[in-house]
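K.L.:
Starting off with a structure, shown below.
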Ligand code: F6P
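Residue numbers (the UniProt record's numbering): 1 to 337.
So this is what it looks like as structure tokens:
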């Protein structure tokens, strides 16, 4: 078969490992030929391609980012988007398209497959781990690892200076990174978007931590917000999520009288080499995705369920957000304060 591959949306560690596994199994096992589409959905929209063969993927397993490039292009926003993609797939004689993406990119894939009959197989990625139907997405484990080692380091400097250190981690609408890294790093407060927080309660936890002669680490997800709506975004900051960490440190200082500083981990969590788990997961997703192509199981995405890689409708994976449940969040509460 002739198969196109694209990586869309925000990057994450492990994208190259997926592409490598797809190509390796496709060429060696099925005798496939591949074509890479450049910059996510912009590639098939504009017909922008790169050669993709075993030589092109050699050495890419540990490499972060994506050798295919990415973008947040939305082809369905273009009145002639579907026609252009269909024509570009036909021009290159492609039988299928493997789309590696998060909620946005796979949302488009679901519509192109279900409403327009395009032969698409999905692979779920995002550091946020917010895709429904898969236990884990590619990139999440690496981000949790980066955040955890940052928290480990911040403990010693917080204790030396007897300061509150607020660590802002990514996660978008969900608190998976915050919760996992917070627990793994022994944070004293973890704040997630799923549970709007009370600043007074945060200050009470901070104060009780000082009473026990430790300096508190407060992990806050970039999408977390106070319950009373008191956080005011500065001009233009509504475009991006980041900002809650700085705001919270100021509030803690004013209300508790303790010195507070913020570390925003930002894109450090998305860049660089994937963790062993992400390489393993990405490789398995890639192997199963090319199998799905050969089964002509289009409109479906691979997903991790327990130890198994299964296939579910792409539309199901994008139908709802996988959030941190109140029960899971409550477990962490034992360590607050
Ligand atoms: O969705 C991935 C993610 O890294 C989120 O965790 C974060 O909130 C957002 O993207 C940041 O986006 P940008 O790279 O546009 O600043």
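Glycine is no exception: its CB is placed at the ideal position from the N, C-alpha and C atoms.
Note that the structure is a prediction, hence the values are computed from the model and not measured.
1) Is it the case that the region 281-299 contacts the region 68-78, given that we only count it when at least three CB pairs across the two stretches are under 8 Å?
2) Determine the extent of the beta strand (DSSP E) in which residue 168 is found, giving its start and end residues.
3) Got a sec? Which residues, its chain only, sit under 7 Å from residue 305 by beta carbon, not counting five neighbours each side?
4) On the DSSP letters alone, give me the boundaries of the beta strand (DSSP E) that residue 260 sits inside.
5) On the three-pair Cβ rule with 8 Å, is the region 140-156 touching the region 190-204?
6) Any chance the CB of residue 171 is under 6 Å from a heavy atom of the ligand MN?
7) Shortest alpha-carbon distance to residue 87 belongs to which of 67, 279, 316 and 47?
8) At which residues does the beta strand (DSSP E) containing residue 4 begin and terminate?
9) Give every residue of the same chain whose Cβ lies closer than 6 Å to the Cβ of residue 14, excluding the five residues on either side of it in the sequence, and list them in chain order.
10) Between the alpha carbons of residue 213 and residue 157, how many angstroms are there, rounded?
11) So which of 307, 243 and 119 has the shortest CA-CA distance to residue 93?
12) For residue 103 and residue 27, I'd like the C-alpha separation in whole angstroms.
P.N.:
So, from the data block:
1) no
2) 164-169
3) 135
4) 260-264
5) no
6) Looking at this structure, you won't find the ligand MN anywhere; what it does contain is the ligand F6P.
7) 47
8) 2-7
9) 138, 139, 274, 278 and 282
10) 14 Å
11) 119
12) 29 Å
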